[in-house]
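Everything in the sequence shown is counted per this note's numbering, starting at 1 for the first residue and increasing by one.
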Amino acid sequence: MNLSETIRLEGIQRRYRQGEAELDILRGLDFTLHPGEAVALVAPSGTGKSTLLHIAGLLERPDAGEVVIGGRPTSKLSDAERTQIRRTDIGFVYQFHHLLPEFSALENVMLPQLINGLERREAQNRAQDLLGWLGLPDRVQHRPNELSGGEQQRVAIARAVANAPRVLLADEPTGNLDVVTADSVFESLFRLIKATGLSALIATHNLDLASRMDRRITLRDGLAVET
Ligand code: ADP
Ligand code: MG
1 MNLSETIRLE GIQRRYRQGE AELDILRGLD FTLHPGEAVA LVAPSGTGKS
51 TLLHIAGLLE RPDAGEVVIG GRPTSKLSDA ERTQIRRTDI GFVYQFHHLL
101 PEFSALENVM LPQLINGLER REAQNRAQDL LGWLGLPDRV QHRPNELSGG
151 EQQRVAIARA VANAPRVLLA DEPTGNLDVV TADSVFESLF RLIKATGLSA
201 LIATHNLDLA SRMDRRITLR DGLAVET
């Protein structure tokens, strides 16, 4: 395992067809996410932030280029192997929480752990700890629709890190929240990242939040550029 990087993107190309037109979204993009760093991805809508996160998180395959995770090239791995890496090494947070509505907050955070083979009691303890850490100790038995938007995102963050991934990929995680709530959720997220030594790549439109992270990149002509 290569300890100087968690995710390395090499020469990533992605093209979409829209009717007659071809859109070259990523044009040979290189980017390295180092251990323990939190990087903001700030770029206008439609420039390829979500595409980049999906490719980095092995949810989508690029047309060309390599995604190296923990020193391991992933392009030739089977879907099952990619799924396994996604399950153990990568956590995702989206703009909309995508929590399972029929389960409690606690159960939503337990589920990925149970799928990963943990004992019920261990999963429950860890879920309880994480939710407490994220400021929700008293809300764990509530279902998502009984929680506020900020609380829902806190549960989604807890779920994303439930299996102690090395990398957190977040796609506008506070984009759906009012400014004050966004700020407090982001603060918790940032604290969690720093306390656990996670690496994180977070797409956001909030320049104030981005300024608090270790590094900022944008997308320009299909490439990642430091700002
Ligand atoms: P961002 O997250 O920065 O707003 P996206 O990565 O979602 O940008 O999309 C970048 C561009 O690629 C947009 O123009 C979008 O319409 C297009 N695009 C994204 N996914 C697809 C797809 N599956 N098929 C066709 N076009 C797509
Ligand atoms: Mg997007």
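Every residue, glycine too, gets a C-beta built ideally from N, C-alpha and C.
Contact under 8 Å by Cβ, Q128 with L99: no
Cut-off 6 Å between Cβ atoms - residues of its own chain near T174, not counting five sequence neighbours on either side: A182, V185, F186
Distance cut-off 7 Å: Q18 Cβ against heavy atoms of ligand 1: yes
Which residues DSSP lists as bridging T218, in chain order: V225
Span of the beta strand (DSSP E) around L201: 199 to 203 is the span of the beta strand (DSSP E), which, as asked, contains L201.
Cut-off 7 Å between Cβ atoms - residues of its own chain near E151, not counting five sequence neighbours on either side: L136, R139
Test: L59 CB closer than 8 Å to a CB of chain C: Here there is only one protein chain, and chain C is not present.
Neighbourhood of L130 by C-beta distance below 8 Å, restricted to the same chain and skipping five residues each side: A distance below 8 Å between beta-carbons, with the five flanking residues on each side excluded, links L130 to the following residues of its chain, in chain order: V109, A158, V161, A162.
Closest residue to G70 among L189, A224, L9 (Cα-Cα distance): L9
Whether Q153 touches H97 by CB criterion (8 Å): For the 8 Å CB-CB criterion, Q153 and H97 form a contact.
Local Cβ density within 10 Å of R126, reported as buried at 16 or more and exposed below that: buried
Given 8 Å, three or more beta-carbon pairs between the segment 204 to 221 and the segment 11 to 21: no
Continuous alpha helix (DSSP H) assignments of at least 4 residues falling wholly in the segment 156 to 196: 179 to 196
E172 versus V93: straight-line alpha-carbon distance, rounded: Looking at the two C-alpha atoms, the distance is approximately 8 Å.
Residue environment, V180, which counts as buried when at least 16 other CB atoms sit within 10 Å: exposed
Same chain only: Cβ atoms within 8 Å of R27, ignoring 5 sequence neighbours per side: Exclusion of the five residues before and after R27 leaves Q13, D221, G222, L223 as the residues of its chain whose Cβ lies within less than 8 Å of its Cβ.
For ligand 2, residues whose Cβ lies under 6 Å from any non-hydrogen atom: K49, S50, D171
Sequence-distant residues of its chain with Cβ nearer than 8 Å to E102 (five each side left out): R143
For T32, the three-state DSSP class (helix, strand or coil): strand
Residue span of the alpha helix (DSSP H) that contains A143, given as start and end: Before going further, note that residue 143 is Arg rather than Ala in the sequence given. Counting along the chain, R143 falls outside any alpha helix (DSSP H), and DSSP gives it neither H nor E.
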